[in-house]
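For reference, the structure is listed below as C-alpha cells.
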Amino acid sequence: MALGRPHDAVPVDSTHPLYLIYTSGTTGDPKGIVRDSGGYAVALKYTADKIYDIRPGILGGHPASSVG
284 MALGRPHDAV PVDSTHPLYL IYTSGTTGDP KGIVRDSGGY AVALKYTADK IYDIRPGILG
344 GHPASSVG
C-alpha cells in the first residue's frame, strides 16, 4: 500500500464481469458464477442504505458475496 499510486476510475458497463465465485455444490457439482458490476453495485447500495445506514462521510468495508 505504501508504494501504491492512485488511478482514475475506469467506467464499465453494468454487465461487465466483476468477480467469479463457486457455488457450494450441495445439489451436485460446484458451479462457477460470474458476478457483474451492476448487480454488485445495486446490492452494495441497498445494504449500505437499508441495512447498515451508511451515509456520506462514513467509511467501511463490505464483503464481496454477502448479498445477492
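Once you know that position 3 of the sequence shown is 286 in this note's numbering, the rest is easy, because the numbers rise by one and skip nothing.
In this text, a Cβ means the ideal position worked out from N, Cα and C, and glycines have one as well.
| Asked | Found |
| --- | --- |
| For Ile304, the residue or residues it bridges with in DSSP | Ile316 |
| Contacts around Pro289, its chain only, beta-carbon distance under 6 Å, and the 5 residues preceding and following it disregarded | none |
| Own chain, CB closer than 8 Å to Ala324, minus 5 neighbours either side, in chain order | Ser297 |
| Closest Cα partner of His299 within the set Asp312, Ala292 and Gly321 | Gly321 |
| 8 Å Cβ shell around Asp319 - same chain, five flanking residues per side excluded | Ser297, Thr298, His299, Pro300 and Leu301 |
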